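S.K.: Line by line, the protein sequences give chains A and B.
Okay, so the first sequence: first residue is 1 according to the numbering used here, each after it adds one.
Okay, so the second sequence: first residue is 119 according to the numbering used here, each after it adds one.
Each residue gets a CB set at the ideal place from its N, CA and C atoms; glycine is no exception.
Just so it is clear, the structure is predicted and the values come from calculations on it, not from any experiment.
There's a structure below that I have some questions on.
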Amino acid sequence: GAVVSQHPSWVICKSGTSVKIECRSLDFQATTMFWYRQFPKQSLMLMATSNEGSKATYEQGVEKDKFLINHASLTLSTLTVTSAHPEDSSFYICSASGLRGFDKNIQYFGAGTRLSVL
Amino acid sequence: AQSVTQLGSHVSVSEGALVLLRCNYSSSVPPYLFWYVQYPNQGLQLLLKYTTGATLVKGINGFEAEFKKSETSFHLTKPSAHMSDAAEYFCAVSGPNFGNEKLTFGTGTRLTIIP
């Protein structure tokens, strides 16, 4: 099946620094990638939708200048948390869809990245 | 607008017993419905989906779900629980372009299997 790789799986950073999370679709092309945030014991909240080669569409309440999303190719999207603060600590999950050669009608999820900001 | 309600944030069943996880949805367009499973510190894995056609859909690991439009429900069942089924389960809904359209998730149900 389709595999989405997310890196790193866990990152600890100091307050005020920036952290980049990568989401890659392995051996296939993803036209759309989604970024979710999940708080402990809660559901996933969509942060933004990104299409290759265009600007991401952010959900209401998500700061686009704080959570920078880049989808420069059909296999890679990145989420950069800028000037991270402890309240940004969370589990971030990406997903990919529009996969040529696979079921284009579902989203395939990465394993997630746990961000801890000290 | 779309929404999903999962009744019961925690469900415990004995090993070998029936698993029933409830999901009700609200959608202004014909819904596409999904069940995902999440193991600790991992991403989501698709269990099954309903798009069109047969209302009873079968998924992986022996799970199945039935779409009931009149009840706006999409409950997940498994005849006999296994210890490996212990996980968090999420019901989700999306619209007509469901592959490229955002998913709206329920709040999740944590399934515990009692030996």
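Got a sec? Which residues, its chain only, sit under 7 Å from B:VAL122 by beta carbon, not counting five neighbours each side?
M.R.: Position 4 of the second sequence, counted from the first residue, corresponds to residue 122 of chain B. Only CYS141, TYR143, CYS209, ALA210, VAL211, THR222, PHE223 and GLY224 meet the Cβ criterion.
S.K.: Under 9 Å between beta-carbons, which chain A residues line up against B:LEU221? List them in chain order, please.
M.R.: Your numbering for residue 221 of chain B matches position 103 in the second sequence. By Cβ distance, chain A contributes PHE34, TYR36, LEU44, LEU46, SER95 and GLN107.
S.K.: DSSP three-state label for B:ASN179, please.
M.R.: For the purposes of this step, residue 179 of chain B is taken as residue 61 along the second sequence, with counting starting at 1. B:ASN179 falls in the helix class under three-state DSSP.
S.K.: Against chain A, does B:ASN159 count as a neighbour if the rule is that its beta carbon must be under 8 Å from one of theirs?
M.R.: As a working mapping, residue 159 of chain B is identified with position 41 in the second sequence. Yes, B:ASN159 lies at the interface with chain A (some Cβ there is under 8 Å from its Cβ).
S.K.: Pick out the complete beta strand (DSSP E) segments inside the segment 26-113 of chain A, 3 residues or longer, and give them in chain order.
M.R.: Runs found: 32-38, 44-51, 67-73, 76-81 and 90-97.
S.K.: Whole angstroms are fine: how far does the CA of B:TYR157 sit from the CA of B:PRO233?
M.R.: Here residue 233 of chain B corresponds to residue number 115 of the second sequence, with the count starting at 1. Here residue 157 of chain B corresponds to residue number 39 of the second sequence, with the count starting at 1. Each residue's Cα considered, the two are about 18 Å apart.
S.K.: Going along the segment 162-178 of chain B in order, which residues come within less than 8 Å of chain A, judged by CB to CB distance?
M.R.: Per Cβ criterion, the list reads LEU162, GLN163, LEU164, LYS167 and THR169.
S.K.: 8 Å is my cut-off, CB to CB: does B:THR225 come that close to chain A?
M.R.: One-based indexing of the second sequence puts residue 225 of chain B at position 107. Yes, B:THR225 lies at the interface with chain A (some Cβ there is under 8 Å from its Cβ).
S.K.: Counting only Cβ-Cβ distances shorter than 9 Å, please list the residues of the segment 183-209 of chain B near chain A, keeping chain order.
M.R.: Answer in chain order: GLU206 and PHE208.
S.K.: For A:ALA111 and chain B, any beta-carbon pair shorter than 8 Å?
M.R.: Start at 1 with the first residue of the first sequence, and residue 111 of chain A comes out as number 111. At least one chain B Cβ lies under 8 Å of A:ALA111.
S.K.: Since A:GLU52 contacts A:LEU26 with CB under 8 Å, what's their CB separation in whole angstroms?
M.R.: Looking up residue 52 of chain A in the first sequence gives position 52. Looking up residue 26 of chain A in the first sequence gives position 26. Incorrect: roughly 16 Å between the Cβ atoms, too far for contact.
S.K.: List, in order along the chain, the chain B residues whose C-beta lies closer than 7 Å to that of A:THR49?
M.R.: For the purposes of this step, residue 49 of chain A is identified with residue 49 of the first sequence, where counting begins at 1. LYS220, listed in chain order.
S.K.: Nearest to B:THR190 by CA position, among B:PRO148, B:LYS196 and B:THR227, is which residue?
M.R.: Stepping through the second sequence from its first residue, residue 190 of chain B is reached at position 72. Ranking the options by Cα distance to B:THR190, first place goes to B:PRO148.
S.K.: What does DSSP give as the partner residue(s) for A:GLU22 in the beta ladder?
M.R.: Position 22 of the first sequence, counted from the first residue, corresponds to residue 22 of chain A. Answer is A:HIS7 and A:THR78.
S.K.: I'd like to know whether the C-beta atoms of A:SER116 and A:ILE21 end up nearer to each other than 8 Å.
M.R.: As a first step, residue 116 of chain A must be located in the first sequence, where it is residue number 116. As a first step, residue 21 of chain A must be located in the first sequence, where it is residue number 21. No; because the gap between Cβ atoms is not below 8 Å, this pair is not in contact.
S.K.: Roughly how far, in whole angstroms, is the beta-carbon of A:SER97 from the beta-carbon of A:THR17, given that I think they are within contact range, below 8 Å?
M.R.: Your numbering for residue 97 of chain A matches position 97 in the first sequence. Your numbering for residue 17 of chain A matches position 17 in the first sequence. Actually they are not in contact, since the Cβ atoms of A:SER97 and A:THR17 sit about 31 Å apart, beyond 8 Å.
S.K.: Determine the DSSP secondary structure at B:SER212, reduced to helix, strand or coil.
M.R.: Translated into positions along the second sequence, residue 212 of chain B becomes position 94. The answer is strand: DSSP assigns B:SER212 an E or B state.
S.K.: Does the distance from the C-beta atom of A:PHE34 to that of A:SER95 stay below 8 Å?
M.R.: As a working note, residue 34 of chain A is residue 34 in the first sequence. As a working note, residue 95 of chain A is residue 95 in the first sequence. In contact: A:PHE34 and A:SER95 (Cβ atoms closer than 8 Å).
S.K.: Could one say the Cβ of A:ARG114 lies closer than 8 Å to chain B's Cβ atoms, at least one of them?
M.R.: Here the question's residue 114 of chain A lines up with position 114 in the first sequence. Yes, A:ARG114 lies at the interface with chain B (some Cβ there is under 8 Å from its Cβ).
S.K.: Please check the pair A:THR113 and A:SER9, which I expect to be a contact at CB under 8 Å, by giving their CB distance rounded to whole angstroms.
M.R.: Residue 113 of chain A sits at position 113 when you count from the first residue of the first sequence. Residue 9 of chain A sits at position 9 when you count from the first residue of the first sequence. Contact flag correct, Cβ pair sits at about 6 Å.
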